[in-house]
Amino acid sequence: DTTRESPSSEWWRGDMALRRLLQGIVLPRTTGRHVGASFSTEAGETIRATLFPGDGIGPEIAESVKQVFNVAGVPIEWEEHYVGTEVDPRTESFLTWESLESVRRNKVGLKGPMATPIGKGHRSLNLTLRKELGLYANVRPCNSLPGYKTRYDDVNLVTIRENTEGEYSGLEHQVVRGVVESLKIITRQASLRVAEYAFHYAKANGRERVSAIHKANIMRKTDGLFLKCCREVAEKYPEITYEEVIIDNCCMTLVKNPGTFDVLVMPNLYGDIISDLCAGLIGGLGLTPSCNIGEGGICLAEAVHGSAPDISGKNLANPTALMLSAVMMLRHLQFNDQADRIHNAILQTIAEGKYRTADLGGKSSTSDYTKAVCDHI
Amino acid sequence: LSGSPALRLPDRNSASPRRSPSPSQPPMARRSAPLLRRLVSSAPPLPGHGGGARRTVTYMPRPGDGTPRPVTLIPGDGIGPLVTGAVEQVMEAMHAPVYFESYDVHGDMPAVPPAVIESIRRNKVCLKGGLATPVGGGVSSLNMQLRKELDLFASLVNCANVPGLPTRHQNVDIVVIRENTEGEYSGLEHEVVPGVVESLKVITKFCSERIAKYAFEYAYLNYRKKVTAVHKANIMKLADGLFLESCREIAAKYPSIEYNEIIVDNCCMQLVSRPEQFDVMVTPNLYGNLVANTAAGLVGGTGVMPGGNVGQDHAIFEQGASAGNVGNDNLVEQQKANPVALLLSSAMMLRHLQFPSFADRLETAVKRVIADGKYRTKDLGGTSTTQEVTDAVIANLD
């Protein structure tokens with residue numbers, strides 16, 4: 125795969141080659157596939173994408189997305205997979221090996237809300253996806269929706285969060301009774317990877333500024349390493365402004381003046397908190413799209429809200445989050461035209477205010493709302 | 005009679021006088037009540053009068069309590085000297101029974117000078133401006149050092165809407181109590197192999213218990229109804245799990261105070277959408293930093309929120325939010341730093357020293373200045389300098 129732009133570290137190229145060998149993937153296209161992937165299709169060719177409708181309201185909102193995609197004429201063929209009812213020993217979870225292989229093969233997927241079953245002997249669904257697909261960056265664009273008034277009107281930022289290490293390594297132990305240690309791990313490799321993606325995303329989406337969020341005045345070595353990696357990558361993108369913001373200042377500025385931020389790149393814990401904070405600024409998880417980027421250019425868009433079992437099956441759910449995530453997926457596939465049309469249709473529907481689901485203060489059903497979006501396309 | 009504004013006494017509990025009487029009162033009472041009140045009261049209250057500086061509860065000091073108390077003062081870096089200067093001026097104007105022993109400490113010193121620690125141990129109380137902590141390496145944070153040496157295990161930030169200051173959120177009244185000595189800020193880091201760094205987050209039962217005890221005690225003593233523990237125990241099961249366990253144990257001893265738990269990312273989301281639901285929040289070190297700064301930002305920012313650090317024997321009062329408490333060069337040059345936060349912290353300090361009437365007078369004056377809106381610094385939307393605000397506060401002292 126010689127046309128790929130190679131990142132700075134040696135390990136990457138070797139790692140990729142090894143994976144290809146082991147997975148035996150045959151590339152259907154000759155164009156290169158690099159970080160952030162550029163899929164280019166010849167006219168008329170459909171792309172296969174994996175769809176996990178999920179639990180609860182998942183199937184309904186997945187239907188909405190399929191409907192909208194049909195109306196917009198998006199050449200995508202869905203491969204639907206469901207969470208199994210028993211643990212697959214190959215993956216140690218309720219997600220089967222076939223589902224994961226499907227995502228690895230298609231490189232692109234859409235996931236609805238999944239309820240993690242309680243119990244032992246298996247990994248959580250999100251953890252399984254993350255580890256098996258190597259999902260290393262979580263991207264959440266947070267934009268104030270015109271027409272849906274929150275206390276903040278000028279939010280237009282993207283949070284990019286490192287998803288594999290940091291404080292969430294899960295390595296804890298009890299030293300003596302009453303004293304617990306938890307390890308926070310930062311590696312050069314993971315930090316470089318997410319920084320590369322952040323700058324690539326900024327460039328590809330016309331963003332002007334990337335801010336690295338940290339607490340390196342207290343956690344010097346760990347966040348210091350993260351910052352060092354960000355600085356290295358920043359040098360390769362001189363047209364993008366790079367700045368570093370301490371997390372206290374970041375939180376304060378986000379609640380006072382969120383319009384000043386553009387792209388935020390952060391380690392795991394801060395990213396978790398800040399991305400949820402930003403979701404709160406625009407109206408909650410029911411309106412926030414999200415996308416996970418994995419090794420080899422995998423893009424798994426997902427709705428980050430819960431499965432809402434209390435309203436499932438009643439045609440009351442709000443499909444906006446899943447729809448916006450699907451739009452992100454389209455942009456990743458470079459179907460920019462269709463992505464824009466669908467995005468504008470959604471924004472128009474919400475702005476008009478005639479068809480809104482209950483969580484936005486309206487009275488429409490899922491199907492009415494979906495129909496309104498389709499009409500606007 | 006009914007038309008003249010002098011008859012309609014302003015509601016004592018609101019910042020601005022109400023134009024018309026309460027609609028829930030019956031018509032007869034509406035006509036006679038103002039008349040009756042006018043006959044009974046001795047003089048109309050001062051314009052813009054907030055809660056009243058006159059205490060209705062008699063406070064009986066011990067003989068000799070009026071001797072001036074020494075307080076260590078650390079002006080600090082950046083805007084620190086500006087705002088501590090403001091406090092000194094106001095204290096003088098009030099003739100408050102405190103005098104300051106000032107020490108020069110800067111963020112780039114390798115350690116806090118032993119003389120300063122000595123002084124704080126002797127005086128037990130300290131007022132401090134911000135100390136810059138250099139990013140990257142070399143020097144350890146002096147703020148952390150002070151907290152560890154003096155074992156100031158609780159950090160308190162009071163985030164409440166200031167009447168007269170327009171913000172996006174109303175009805176906010178949150179106190180964030182944050183564990184100050186351990187957690188993610190233990191400073192124990194090392195490079196395992198080149199390119200891989202580990203940082204230890206340490207949680208102990210001892211520290212978690214005492215911060216939980218402090219939080220519930222604070223709620224009890226200040227008549228607060230709810231304590232919320234902020235955590236991430238779904239991921240960090242052992243560490244935050246231990247913290248939660250301690251909180252639950254202490255909560256069982258205060259059955260009249262409601263207790264609940266919230267995950268930190270959900271907490272931040274709720275803070276920006278519905279902050280009214282929170283009352284007292286108890287958190288470990290890192291989350292407390294984020295939550296305190298977020299909550300402070302909701303109601304006006306670093307320039308307005310008071311706070312302090314307290315331990316068994318000592319207390320250090322400083323600006324509540326740590327974001328921007330050193331300010332930037334612009335602010336220093338133009339002398340436009342906001343002294344309100346440190347003034348309110350010094351009022352907390354006066355109460356801590358058991359001088360409640362001075363504290364009340366100071367707080368009332370500050371609140372009047374903000375409510376008036378004429379003298380506000382840049383972060384509150386105005387153009388005044390620090391000195392103008394300070395003078396306004398002094399002018400507004402009863």
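Protein sequences, first through last, are from chains L and B.
Going by our numbering, the first sequence opens with residue 125, and the numbers climb by one from there.
Going by our numbering, the second sequence opens with residue 5, and the numbers climb by one from there.
Built from N, CA and C at the ideal position, the CB exists for glycine as well.
Predicted model only: the values in this text are computed from it and were never measured.
- Ranked by Cα distance from Met285(B), the options Gly304(B), Ser159(B), Val139(B), Val197(B) are led by Ser159(B).
- Taking a Cβ-Cβ threshold of 7 Å, the residues of chain B close to Val379(L) are Val276, Thr298, Gly301, Leu302, in chain order.
- In the DSSP secondary-structure assignment, Asn267(L) is bridged to Asn280(L).
- Residue burial is scored here from C-beta neighbours: Lys438(L) has fewer than 16 other C-beta atoms within 10 angstroms and is therefore classed as exposed.
- With a cut-off of 8 Å on Cβ pairs, the region 255-268 of chain B is not in contact with the region 309-321 of chain L, counting fewer than three such pairs.
- Just so you know, the alpha carbons of Glu187(L) and Leu457(L) end up roughly 21 Å apart.
- Identification of residues in the region 361-381 of chain B having a C-beta nearer than 9 Å to some C-beta of chain L yields an empty set.
- Here DSSP, grouped into helix, strand and coil, assigns Val231(B) to strand.
- No Cβ-Cβ contact shorter than 8 Å links Ile397(L) with Leu388(L).
- Contact with chain L is found for Thr306(B), since one of that chain's Cβ atoms lies less than 8 Å from the residue's Cβ.
- Within a 10 Å sphere around the beta-carbon of Ser388(B) sit 16 or more other beta-carbons, which makes this residue buried.
- Counting only runs of 3 or more residues that sit fully inside the region 379-427 of chain L, the beta strand (DSSP E) segments are 387-390, 413-418, 422-427, in chain order.
- Residues of chain B whose Cβ lies closer than 8 Å to the Cβ of Lys308(L) are, in chain order, Glu188, Glu202, Ser203, Leu204, Lys205.
- For Ala216(B), same chain residues with a beta-carbon under 7 Å away, outside a window of 5 residues either side, are Ser250, Cys251, Ile254, Val286 in chain order.
- Residues Phe385, Ile398, Leu401, Cys402, Leu405 of the same chain have their beta carbon placed closer than 8 Å to that of Leu378(L), with the five preceding and five following residues left out of the count.
- Apart from sequence neighbours up to five positions away, the residues of its chain that approach Val234(B) with a beta-carbon distance below 7 Å are Ile266, Val268, Cys271, Met285, Thr287, Tyr291, Val295, ordered along the chain.
- Shortest Cα-Cα distance from Ala90(B) to any of Lys382(B), Leu366(B), Asp376(B), Ala375(B) involves Leu366(B).
- With a cutoff of 8 Å on beta-carbon distance, Asn341(L) and Pro138(B) are scored as near each other.
- Only residues of its own chain outside the window of five on either side were considered, and among them Ile78, Val120 have a CB closer than 6 Å to the CB of Tyr107(B), listed in chain order.
- Ala233(B) is outside the set of residues whose beta carbon lies under 8 Å from a beta carbon in chain L.
- As the crow flies, the alpha-carbon of Gln274(B) is around 17 Å from that of Ser268(L).
- Counting along the chain, Ala327(B) sits inside no alpha helix (DSSP H), nor does DSSP assign it H or E at all.
- Within 9 Å of the CB of Asp278(L), no CB atom of chain B is found; the nearest one sits about 12 Å away.
- Using a Cβ distance threshold of 8 Å, Phe362(B) and Met148(B) do not count as a contacting pair.
- Sorting Glu368(L), Asn250(L), Pro237(L) by C-alpha distance to the C-alpha of Asp179(L) places Pro237(L) at the top.
- In the three-state reduction of the DSSP assignment, Ser488(L) falls in the coil class, being assigned neither a helical nor a strand state.
- For Ala243(B), the C-beta contacts it makes with chain L under 7 Å involve Glu296, Val304, Ser306, in order along the chain.
- Within the region 325-351 of chain B, those residues whose Cβ lies closer than 7 Å to any Cβ of chain L are, in chain order, Ala325, Ser326, Ala327, Gly328.
- Using a CB distance cut-off of 8 Å, Leu401(L) counts as an interface residue toward chain B.
- Judged by DSSP in its simplified three-state form, Met343(L) adopts coil rather than helix or strand.
- As summarised for the region 89-149 of chain B, the continuous alpha helix (DSSP H) elements at least 4 residues long and confined to that stretch are 118-127, given in chain order.
- Contact between Glu193(B) and Thr346(L) is confirmed by a C-beta separation of about 6 Å, below the 8 Å threshold.
- Just so you know, the alpha carbons of Glu216(L) and Glu332(L) end up roughly 42 Å apart.
- Collapsing the DSSP output to three states places Gly292(B) in a helix.
- Look at the region 354-383 of chain L: the residues with a C-beta under 7 Å from a C-beta of chain B are Ile371, Asp372, Asn373, Cys375, Met376, Val379, Lys380.
- For a cut-off of 8 Å, the C-beta gap from Arg465(L) to Ile501(L) is around 5 Å, short enough to register as a contact.
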